[in-house]
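Going down the list, the sequences are from chains P and B.
Note that my numbering has the first sequence beginning at -12, numbered continuously upward.
Note that my numbering has the second sequence beginning at -12, numbered continuously upward.
Don't be surprised by glycine CBs; every beta carbon is placed ideally from N, CA and C.
Protein chains: 2
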Amino acid sequence: MLDENSKYKELLNREGIKSTRHRNAILELLEESEFPLTAEQLFITLRDKTASIDLSTVYRTLDTFASKNLIIKSNRADDGKALYELNHNEHKHHLLCVGCHKLISIDDCPIGELMQTLKNKIDFDITGHKLEIYGYCHDCKKFNHTLSSDA
Amino acid sequence: MLDENSKYKELLNREGIKSTRHRNAILELLEESEFPLTAEQLFITLRDKTASIDLSTVYRTLDTFASKNLIIKSNRADDGKALYELNHNEHKHHLLCVGCHKLISIDDCPIGELMQTLKNKIDFDITGHKLEIYGYCHDCKKFNHTLSSDA
DNA sequence: AATGCAAATGCAAGGCAGTTGCAAGTGGCG
DNA sequence: CGCCACTTGCAACTGCCTTGCATTTGCATT
Ligand SMILES: [Mn+2]
Ligand SMILES: [Mn+2]
Ligand SMILES: [Zn+2]
Ligand SMILES: [Zn+2]
């Protein structure tokens, strides 16, 4: 059963792993998404959209991808849930709305050169950084304002 | 049983909660620590040092403190475990050594004014941010160098 | 195209961090 | 002291994630 879902066959074989329906579907979903997804989000989408998949397969697939550096695994700051996103090898940051949990990407790194400066000042070999910005998105901002003006 | 462990009695009463042996002990441990601790770390230290405590009490106490904003709860970026630290109301960041998991505090926020600038540029109400810097500490840097020079 | 085998999967059980219900204990107040 | 709401211990439970094992499937080779 290998119709044109084999979109990622080359990529997967290049990494020395088999091209399967599930793996292709998961890569496709991650590619379509603008922000990191939880294993459960992937699981539910796949169960509804394509043929059924087991949750453990989702986790194993994600682990495999992460070990091949195809995707990046992280943990959500507020509840610690695991998040997965395609590794575009591009440096990115997000605005996290604490009202509705929306994630908004910001394209460039606001602190890139700052890291460079810092590297020369401290006895610590910096290899990377993670910046998360919290607040209220356009929609929740309005809602918040309405609420607080009642007080 | 309220000897001089009642160091935080006033603080606790001010928040409308009772001063107990466990609560005082937990606050003391958090105050002594230079970096955030897990519930389990607190649990083990308390079990060994003072009279026994139940892990659920540790969690409930930490939740109570967090709801009063006495402490800050976060989730470790690499494994998602919950971390707790005293809320000094001071803005801090850490260098995380990916070699030995050591956390090194850096005093000032390297991006404070940058946030200010950003606030005026985007349609998002920024309330805070979290910056983590990864790399190798002085010790692990040396070790790493030794390893890579073998190749 | 058929064969063979290692890799991938489904299923069910298990592990671990954190939570909750409830009965017993304790702090703070009169 | 004596009361009572708050706190705690204990044990069961939940949710996220992992693992063992039998079965299936990709894919290389014939
Ligand atoms: Mn950056
Ligand atoms: Mn900062
Ligand atoms: Zn929002
Ligand atoms: Zn180190």
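Applying the criterion that 16 or more other CB atoms from any shown protein chain within 10 Å of the CB defines a buried residue, is residue 212/B buried or exposed? Any property of residue 212/B remains undetermined from this structure, which presents chain B solely from -12 to 138.
Nearest to residue 17/P by CA position, among 82/P, 53/P, 68/P, is which residue? Its Cα nearest to that of residue 17/P, the residue 53/P stands out among 82/P, 53/P, 68/P.
Under the rule that 16 or more other beta-carbon atoms within 10 Å means buried, what is residue 11/P, buried or exposed? Here residue 11/P is buried: its Cβ has 16 or more other Cβ atoms, across all protein chains shown, within 10 Å.
Burial state of residue 40/P (16 or more Cβ within 10 Å): So residue 40/P counts as buried.
Anything in chain B within Cβ reach of residue 85/P, meaning under 9 Å, just list it in chain order. Result: 114, 115.
So, does the CB of residue 101/B fall closer than 8 Å to a CB anywhere in chain P? Put simply, the CB of residue 101/B is near chain P, with a gap under 8 Å to one of its CB atoms.
Local conformation of residue 107/P per DSSP, three classes: For residue 107/P, the three-state secondary structure derived from DSSP is helix.
CB of residue 13/B within 8 Å of CB of residue 29/B, strictly: In this structure, residue 29/B lies closer than 8 Å to residue 13/B by Cβ.
Confirm, please, whether the CB-CB distance from residue 96/B to residue 124/B is below 8 Å. No, they are not a contact pair.
Heavy atom of ligand 5 less than 7 Å from the Cβ of residue 106/P, yes or no? This structure simply doesn't include ligand 5; it includes ligand 1, ligand 2, ligand 3 and ligand 4 instead.
Span of the alpha helix (DSSP H), counted from its first residue to its last, around residue 112/B: Bounds of any alpha helix (DSSP H) do not take in residue 112/B; it lies within the beta strand (DSSP E) bounded by 112 to 123.
Contact between the stretch 111 to 129 of chain P and the stretch 95 to 113 of chain B: three or more CB pairs below 8 Å? In short, these stretches touch, since the Cβ pair count reaches three.
Run the CB neighbour count on residue 78/P, radius 10 Å, all protein chains shown included, and call it buried at 16 or more, exposed below. An exposed status is given to residue 78/P, since fewer than 16 other beta-carbon atoms sit within 10 Å of its beta-carbon.
Ignoring anything shorter than 4 residues or poking outside the stretch 0 to 35 of chain B, list the alpha helix (DSSP H) runs there in chain order. The stretch 0 to 35 of chain B contains these whole alpha helix (DSSP H) runs: 8 to 19.
Going by CA-CA distance only, name the one from 91/P, 22/P, 55/P, 64/P that's closest to residue -1/P. Of the listed residues, the one whose Cα sits closest to residue -1/P is 55/P.
Hey, would you say residue 64/P sits closer than 8 Å to residue 21/P, going by beta carbons? Residue 64/P is not a Cβ neighbour of residue 21/P, given a cutoff of 8 Å.
In chain order, what are the residue ranges of uninterrupted alpha helix (DSSP H) at least 4 long that sit wholly in the stretch 39 to 89 of chain B? Within the stretch 39 to 89 of chain B, the complete alpha helix (DSSP H) segments of 4 residues or longer fall at 42 to 54, listed in chain order.
How would you list, in chain order, the residues of chain B whose beta-carbon sits under 7 Å from the beta-carbon of residue 120/P? By Cβ distance, chain B contributes 113, 116.
Beta carbon of residue 59/P, beta carbon of residue 72/P: below 8 Å? Between residue 59/P and residue 72/P, the C-beta gap is smaller than 8 Å, which places the two residues in contact.
What's the C-alpha gap between residue 116/B and residue 102/B? Cα to Cα, the separation comes out at about 8 Å.
Proximity test, Cβ basis, 8 Å: residue 16/P and chain B: Judged by the 8 Å Cβ criterion, residue 16/P is not in contact with chain B.
Answer yes or no: do residue 75/P and residue 48/P have a C-beta to C-beta separation smaller than 8 Å? Contact flag unset, no.
Taking the alpha-carbon positions, what's the residue 94/B to residue 24/P distance? Taking the straight line from one Cα to the other gives about 34 Å.
By the criterion of Cβ-Cβ separation under 9 Å, what are the contact partners of residue 98/B in chain P? Within chain P, the residues whose beta carbon sits less than 9 Å from that of residue 98/B are 97, 98, 101, 118, listed in sequence order.
Any C-beta of chain B sitting closer than 8 Å to the C-beta of residue 76/P? Not closer than 8 Å to any Cβ of chain B, the Cβ of residue 76/P fails to qualify, so no.
Does the CB of residue 50/B have a neighbour CB from chain P at under 8 Å? For residue 50/B, the answer is no, since every Cβ of chain P falls outside 8 Å of its Cβ.
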